[in-house]
Structure formats: structure tokens, C-alpha cells
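J.: From first to last, the protein sequence lines stand for chains A and B.
Here the working numbering is used: the first residue of the first sequence is 1, the next is one more, and so on.
Here the working numbering is used: the first residue of the second sequence is 1, the next is one more, and so on.
There are 2 protein chains.
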Amino acid sequence: MDGAAKFQSFNVEALTHAADCLRTLAHPVRIRIVQLLLQGRYTVGEIAEDCRIAENQASEHLRLMQRCGFLSSQREGRCVFYEVAEPHLEQIVSCIEERFLAQPKS
Amino acid sequence: MDGAAKFQSFNVEALTHAADCLRTLAHPVRIRIVQLLLQGRYTVGEIAEDCRIAENQASEHLRLMQRCGFLSSQREGRCVFYEVAEPHLEQIVSCIEERFLAQPKS
DNA sequence: TTGAAATATCGCGAGTTGACGATATGTTAA
DNA sequence: TTAACATATCGTCAACTCGCGATATTTCAA
Numbered sequence: 001m002d003g004a005a006k007f008q009s010f011n012v013e014a015l016t017h018a019a020d021c022l023r024t025l026a027h028p029v030r031i032r033i034v035q036l037l038l039q040g041r042y043t044v045g046e047i048a049e050d051c052r053i054a055e056n057q058a059s060e061h062l063r064l065m066q067r068c069g070f071l072s073s074q075r076e077g078r079c080v081f082y083e084v085a086e087p088h089l090e091q092i093v094s095c096i097e098e099r100f101l102a103q104p105k106s
Numbered sequence: 001m002d003g004a005a006k007f008q009s010f011n012v013e014a015l016t017h018a019a020d021c022l023r024t025l026a027h028p029v030r031i032r033i034v035q036l037l038l039q040g041r042y043t044v045g046e047i048a049e050d051c052r053i054a055e056n057q058a059s060e061h062l063r064l065m066q067r068c069g070f071l072s073s074q075r076e077g078r079c080v081f082y083e084v085a086e087p088h089l090e091q092i093v094s095c096i097e098e099r100f101l102a103q104p105k106s
């Protein structure tokens, strides 16, 4: 059936999951956080400072991205370090940078 | 200043625009529509049928994606054909397929 | 133990999104 | 014209998102 369709998954569940994860990334602060974490591991406080947001907000953004598998965290003393856990994130963010963040065009 | 930062745009406007466009793509039906349109041009009715949604909903999804530059349309008689207008979409969707849609994993 | 630092969670309210039925617009044929 | 087809837009409502202040939890040092 469905003749052509090279590849084309029409698995509603898979599409929904993909959309959920994409939506998780679709926030200016969260894109920025991923850009930062692609360069190394950072604490919640460092991330909040870099993004110029309150720490509870940073914590919330990080929780969302951890929930969909993008990030992981380890506690070390009082601090919690976050890092990128999903290897594909680098490529995805790279696409986004190339299209939207690279050349300063209107 | 800010020492390292290979590249790293922290342009809030650009990040916001990128997030807006990502959010536009972050819907299961819209991902599916883009997958379809990457293979050719289709009318609203054909797209609605493929996605198994009402035509007014298809029209709405298409309008959103056209608004952020992903798609373009031409009227031909009674029908309106949509096609991909943003060349980077292929690569972005390709990343998404690779991560979320390729292998049937839990 | 007590207090402070670092992080996480909760609750609220404003704003946004999505589905859907109803209606409007544009196009062709009779 | 009128009717039917194809698409677009509108209005409504429930659900979700975001920012934010308040509170809770965990850890360490004194």
C-alpha cells in the first residue's frame, strides 16, 4: 500500500514524541542553554547567570530538557551539574544555528 | 569579552525567532506535512487526506508554516498547491527523522 | 542543631495554542 | 446568476505554557 513513500514514518506516536521533544527545544532560553552545555558541564547557578534568568526558572528549563532525555545531571556537593545527554542535539542545534543564528539577516 | 564562546550568538531576538520557527514545526501534523511536501507539491485537500485531518485544520497548519517562511503556495484554478520554500527544512527534518522517527525504539 | 547556600517544587494568573463547527471567499461549470 | 467545489477565516472553549514569588529540599560548615 501507500505506493511511494521512501521512508516516511506515519507513526502517530513517533511523530507526537518528536513534536514533544522539538517543542521542548523551542524556547529561546532553552536553545541558549543547549548551546552552552554543548561546550561543557555547568551548574544551575552558572546557567542562570549566563542566561540572565532566575535560578528557579533555570532549574525548570533544565528539568524539562532532562525529562525528554536531552540532558542529564549529577549532584556534586551543593551544586548540580548538567550536561548534554542526547548526542543528536549537537547536530540539531547546528542546523538551527546555520539557519537562524548564523548570519545576521533580517 | 566573554572569553571562549566559539560562535555562540546570544542575540535574544535571533534566539526568539529561532524558537518561534521551531515551535511552528513542533506539531506532529506539521512535521508530517513537511515530510510530505519534501517529496513534491500538494493541494490542501491532498494534504488533509494524507494527514487524516479536516481541510480547515490543514489550511490552518499550512498558514502557520507559510507565515514563518517554511512553505509557499500558488493557486491553480480551484486548488492551492503548497511546497517547501525553506531549503534548510530538509536538513532539519532529516535530523529529526534520524533521531526520533528512524529506528522503532521505545 | 542552626544557618546559609544551591537547587527544586508549588501555586497563581496572564497569555497562547489547538480542535472544531460555522461561515466566508474564490473559482469553475452549467 | 446559481450551485458546487476548494480553501480560508472566525469564534469559542479547554488545555497548556511561561514567568514569578513563595516555599521546600538537600548539603555543608560552624
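Note that beta-carbon positions come from the ideal geometry of N, C-alpha and C, so glycine has one too.
A quick note: this is a predicted structure, and the numbers were derived from the prediction, not measured.
Alpha carbon to alpha carbon, how far is B/GLU83 from B/LEU15? Give it in angstroms, no decimals.
T.: Here residue 15 of chain B refers to the residue found at position 15 when the second sequence is read from its first residue. Here residue 83 of chain B refers to the residue found at position 83 when the second sequence is read from its first residue. Spanning the two alpha carbons is a distance of roughly 26 Å.
J.: Sorted by chain position, which residues of the same chain lie with C-beta nearer than 6 Å to B/ILE96's C-beta, five sequence neighbours on each side aside?
T.: Within the second sequence, residue 96 of chain B is the residue found at index 96, counting from 1. Within the same chain, B/ILE96 has no close Cβ partners at all.
J.: With DSSP as the reference, identify every bridge partner of A/GLN39, one or two as the case may be.
T.: What you label residue 39 of chain A is simply residue 39 of the first sequence in a count that begins at 1. DSSP, once it has assigned bridges, lists no residue as partnering A/GLN39.
J.: Hey, B/ASP50 and B/LEU36: beta-carbon distance below 9 Å or not?
T.: Within the second sequence, numbered from 1, the residue matching residue 50 of chain B stands at position 50. Within the second sequence, numbered from 1, the residue matching residue 36 of chain B stands at position 36. Yes, Cβ-Cβ distance for B/ASP50 and B/LEU36 is below 9 Å.
J.: Please classify B/CYS68: does DSSP put it in a helix, a strand, or coil?
T.: Looking up residue 68 of chain B in the second sequence gives position 68. If DSSP states are grouped into helix, strand and coil, B/CYS68 belongs with coil.
J.: Compile a chain-ordered list of the residues in the region 15 to 46 of chain B whose CB is closer than 9 Å to at least one CB of chain A.
T.: Answer in chain order: LEU15, THR16, HIS17, ALA18, ALA19, ASP20, CYS21, LEU22, ARG23, THR24, LEU25, ALA26, HIS27, PRO28, VAL29, ARG30, ILE31, ARG32, GLN35, LEU36 and GLN39.
J.: Any beta-carbon of chain A closer than 9 Å to the one on B/GLU83?
T.: Walking along the second sequence from the start, residue 83 of chain B turns up at place 83. Answer no: the Cβ-Cβ gap between B/GLU83 and chain A never drops below 9 Å.
J.: Going along the chain, which unbroken runs of the alpha helix (DSSP H) with 4 or more residues stay wholly within the region 48 to 98 of chain A?
T.: Complete alpha helix (DSSP H) runs here, min 4: 55 to 67 and 88 to 96.
J.: Looking only at its own chain, which residues have a Cβ that is under 7 Å from the Cβ of B/ASP20, when we skip the five neighbours before and after it?
T.: Position 20 of the second sequence holds residue 20 of chain B. Contacts found: CYS68.
J.: What does a CB cutoff of less than 7 Å around A/GLN66 pick up in its chain, not counting 5 residues either side in sequence?
T.: What you label residue 66 of chain A is simply residue 66 of the first sequence in a count that begins at 1. Excluding residues within five positions, the ones whose Cβ falls inside 7 Å are SER72 and SER73.
J.: Under 7 Å between beta-carbons, which chain A residues line up against B/ARG63? List them in chain order, please.
T.: Position 63 of the second sequence, counting from 1, holds the residue named residue 63 of chain B. Within 7 Å Cβ-Cβ: nothing; B/ARG63 doesn't reach chain A, min ~18 Å.
J.: So the alpha helix (DSSP H) B/ALA14 belongs to, where does it begin and stop?
T.: For the purposes of this step, residue 14 of chain B is taken as the residue at position 14 of the second sequence. That run of the alpha helix (DSSP H) goes 12 to 25.
J.: Give the interface partners of B/GLN91 over in chain A, defined as CB-CB distance under 7 Å, in chain order.
T.: By one-based count along the second sequence, residue 91 of chain B stands at place 91. Simply CYS95.
J.: For chain B, check one thing: does any of its Cβ atoms lie closer than 9 Å to the Cβ of A/LEU71?
T.: Along the first sequence, read from residue 1 onward, the residue named residue 71 of chain A stands at position 71. With 9 Å as the cut-off, A/LEU71 does not count as an interface residue toward chain B.
J.: Distance, Cα to Cα, B/ARG52 vs A/ILE33?
T.: Taking the first residue of the second sequence as 1, we reach residue 52 of chain B at position 52. Taking the first residue of the first sequence as 1, we reach residue 33 of chain A at position 33. Those two C-alpha atoms are separated by around 37 Å.
J.: Just to make sure I have the definition right: I need the residues of chain A whose C-beta is within less than 8 Å of the C-beta of B/ASP12. Which are they?
T.: Walking along the second sequence from the start, residue 12 of chain B turns up at place 12. Checking the sequence, you will find Val at residue 12 of chain B rather than Asp. Result: PRO28.
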